[in-house]
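Each residue of the sequence shown is one higher than the one before, counting from 19 in the numbering used here.
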Amino acid sequence: MKKQQSNLGGSWKKLFANGEIRFSREAERKFFFYMTVMMLLAGIIVKIT
């Protein structure tokens, strides 16, 4: 899971670098908020299993 997430992060950085996707500050905060929530949920699931 960690490797997949790092790859996704790299692709996102490439998109930002290319300027294809330009988030407003609000959208950026929401995006990172949901990412952190998903990371926490993934961590909890891993601990349970």
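Note that beta-carbon positions come from the ideal geometry of N, C-alpha and C, so glycine has one too.
A quick note: this is a predicted structure, and the numbers were derived from the prediction, not measured.
Checklist entry - CA-CA distance, L59 and R47? => result Our two residues, L59 and R47, have alpha carbons roughly 18 Å apart in a direct line.
Checklist entry - Span of the alpha helix (DSSP H) holding T67? => result Counted as a single uninterrupted DSSP element, the stretch harbouring T67 is not any alpha helix (DSSP H), since DSSP gives it neither H nor E.
Next on the checklist: In whole angstroms, give me the CA-to-CA distance for T54 and A45.
Outcome noted: The alpha-carbon atoms of T54 and A45 are separated by roughly 14 Å.
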